[in-house]
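In what follows, a single structure is set out as structure tokens and then discussed.
Chains as they are written, first to last, in the numbering used here: chain A, 420 to 677; chain B, 1106 to 1423.
So, in structure tokens, the structure goes:
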């Protein structure tokens, strides 16, 4: 990897850590341990289902919120505060800056998710007194959540290159919600007649299909995840985030830093 | 060789809700700055100084024209490893300490790991921040940030340094240190291009100055030439508690300060004035020709703009 990208990524990660972003882990730990203890007392035979559902949903939501809150300011904040001036007047290409920022944010989320994943697995072990073979699918669900983060990070960065932080947050969150309902939208597109159906179809293909990454319910029930889905989701996340980053680079390359 | 050759560089922004109305920030600018020169860019707020610096450092893109920096096209990525830039009122990553920030900028500038730390410490010492090097920048005062800004601008030993209002936010001591630093850069053979409002600094530091107003370069001149011309007047300072009548009769403009009088009068009245002072038995402290100042040159270059504004106001009034 280009060393300048690495330096920018590391600085982005360091900024997130020093701005106490990882403090969310404390809230996550409290939520999960509270839930595990409570579930152990009130639910019969469905402890695993509840802990996996709650744990993975929390991992996903915490991550998305962090991705949006940090991502929206990655470029726009640097322009507003003029920290970019002394970076881009050095031999740093604009695309290197964008990619470095993306990798820094992704790295922050990876570390965050890794710690939260350990929390989920510990809670699972606590209520089930051990691991079962089907718990392996929880790891696949976590992998899909990370893929989701890649797309969310890329989208926030994309919006951050031309929009205000508030609008970037609104756009990304709207896309996340619509994308999470993409499965239903696809169903609607298939049955809706005329312009409505056509619009739904176009929207389905434009917005990121986050519903395909949501296998939390399946793994909570111990259902297997097809290998084909793992491959498709990996390629889809890679392609979608690459396109969003490419878009961000294209816009940022032409932007005047007034 | 020219360090900077600005070839009709021009910048306009599209403004308005539909971004269709162009607003000219810099009219075609043609200017050459020689290697090793300290060049001062003077002008009022909004004159186009910062726009010019941003164009040259690649932060904004020209609408037309180009520039050659250190013999290379301004778009050439290699240019940036040879230049240093201090923006106006700089702001840095405040989660970092001064030492970490300089180290980060050193990495981005491609400085080899070996020797980078030593260079960082050297720069911190040079701007007087060695004692605060480990403190996060969010706890720094404006003046301290300005010092960090200066350190990062010269950290990688650039051949050409752009400084946008380098004295801004500094106390008199800090300003003195910046002046010394620019003198040192000149001594080291660096080219310095800086914008400033403070004419005395420009007069003390610059080889040449350019005056820009409303995006248009109004004039360029060597400071030595601009300030060497006499105005056909002399200034006499002598001990007295009131202005002698004989001197007033010669048409002298005089002011009394304590037991000293400062009188300015036409050069051809010098002998007559000295005769008056001798007759009155007054002790002369100094006699000097009145030299043109940079301030006069600056005001002279801006005067057409002021006249134009007054004309416009009159037009609106009608």
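Note that beta-carbon positions come from the ideal geometry of N, C-alpha and C, so glycine has one too.
| Check | Outcome |
| --- | --- |
| Using the beta-carbon of each residue, which ones in chain B are nearer than 9 Å to residue 426 of chain A? | 1209, 1212 and 1213 |
| When you compare only the Cα positions, how much space is there between residue 1223 of chain B and residue 1173 of chain B? | 33 Å |
| Let me make sure I understand the geometry here. Which of B/1262, B/1240, B/1249 and B/1195 has the alpha-carbon closest to that of residue 1227 of chain B? | B/1262 |
| Rank A/583, A/455 and A/421 by C-alpha distance to the C-alpha of residue 391 of chain A and give the top, closest one. | Given a span of 420 to 677 for chain A in the structure shown, any question on residue 391 of chain A remains unanswerable. |
| I believe residue 1086 of chain B touches residue 1213 of chain B by the beta-carbon criterion, under 8 Å. Please report the beta-carbon distance rounded to the nearest angstrom. | Look at the range of chain B in this structure, 1106 to 1423, and you will see that residue 1086 of chain B is not part of it. |
| Once the 5 residues before and after residue 1423 of chain B are set aside, which same chain residues still bring their CB inside 8 Å of it? | Because residue 1423 of chain B carries a pLDDT of 43, less than 50, the predicted location of this residue cannot be relied on, and the following value inherits that uncertainty. Excluding sequence neighbours, residue 1423 of chain B sits near nothing in its chain. |
| Would you say residue 1260 of chain B and residue 1220 of chain B are within 9 Å of each other, going by their C-beta atoms? | no |
| What did DSSP end up calling residue 548 of chain A once you bin it into helix, strand or coil? | coil |
| Just the C-alpha distance for residue 1151 of chain B and residue 1157 of chain B, rounded to the nearest angstrom, thanks. | 11 Å |
| Residue 1165 of chain B versus chain A: which residues are under 8 Å apart at the beta carbon? | 675, 676 and 677 |
| Give me the residue from B/1360, B/1216, B/1203 and B/1244 with the minimum Cα distance to residue 1234 of chain B. | B/1203 |
| Considering residue 577 of chain A, what are the terminal residues of the alpha helix (DSSP H) in which it resides? | 555 to 579 |
| Are the Cβ atoms of residue 1394 of chain B and residue 1372 of chain B separated by less than 9 Å? | yes |
| Below 8 Å on the Cβ atoms is my contact criterion, and I expect residue 1167 of chain B with residue 1116 of chain B to pass it. Report the Cβ-Cβ distance as a whole number of Å. | 6 Å |
| Examine chain A for any beta-carbon lying closer than 9 Å to the beta-carbon of residue 1200 of chain B, and answer yes or no. | yes |
| Since residue 635 of chain A is in the alpha helix (DSSP H), which residue starts that stretch and which ends it? | 635 to 639 |
| Is residue 560 of chain A near residue 528 of chain A, with beta carbons less than 9 Å apart? | no |
| Work out the CA separation of residue 1161 of chain B and residue 1189 of chain B for me, nearest whole Å. | 11 Å |
| At the 9 Å Cβ level, is residue 1188 of chain B part of the contact set with chain A, yes or no? | yes |
| For residue 423 of chain A, count neighbouring C-beta atoms within 10 Å of its own C-beta (all shown protein chains included) and say buried if the count is 16 or more, exposed if not. | buried |
| Please report how far the alpha carbon of residue 543 of chain A lies from the alpha carbon of residue 489 of chain A, in whole angstroms. | 30 Å |
| Would you report the Cα separation of residue 1271 of chain B and residue 1248 of chain B, rounded to the nearest angstrom? | 10 Å |
| Restricting to Cα atoms, I'd like to know which of A/433, A/647 and A/492 is closest to residue 591 of chain A. | A/492 |
| Reducing DSSP to helix, strand and coil, say where residue 1282 of chain B ends up. | helix |
| How about residue 1353 of chain B: is its C-beta nearer than 9 Å to some C-beta of chain A? | no |
| Would you call the CB atoms of residue 471 of chain A and residue 539 of chain A closer than 9 Å? | yes |
| Of the choices B/1194, B/1406 and B/1183, whose alpha-carbon is the least far from that of residue 502 of chain A? | B/1194 |
| Please state whether the Cβ-Cβ distance between residue 1176 of chain B and residue 1218 of chain B is less than 9 Å. | no |
| Tell me, please, whether the stretch 1138 to 1147 of chain B touches the stretch 1299 to 1310 of chain B by the rule of three or more beta-carbon pairs shorter than 8 Å. | yes |
| For chain A, is any of its Cβ atoms less than 9 Å away from the one on residue 1203 of chain B? | no |
| Would you mind reading off the limits of the alpha helix (DSSP H) that contains residue 421 of chain A? | Run containing residue 421 of chain A: none; DSSP gives neither H nor E here. |
| Using 10 angstroms around the beta-carbon of residue 659 of chain A, count the other beta-carbons present and answer buried if the total reaches 16, otherwise exposed. | buried |
| Check the Cβ-Cβ distances between residue 1183 of chain B and every residue of chain A, and say whether any is below 9 Å. | yes |
| Going along the stretch 623 to 656 of chain A in order, which residues come within less than 8 Å of chain B, judged by CB to CB distance? | none |
| Please state if the CB of residue 1377 of chain B and the CB of residue 1367 of chain B are separated by a distance shorter than 9 Å. | no |
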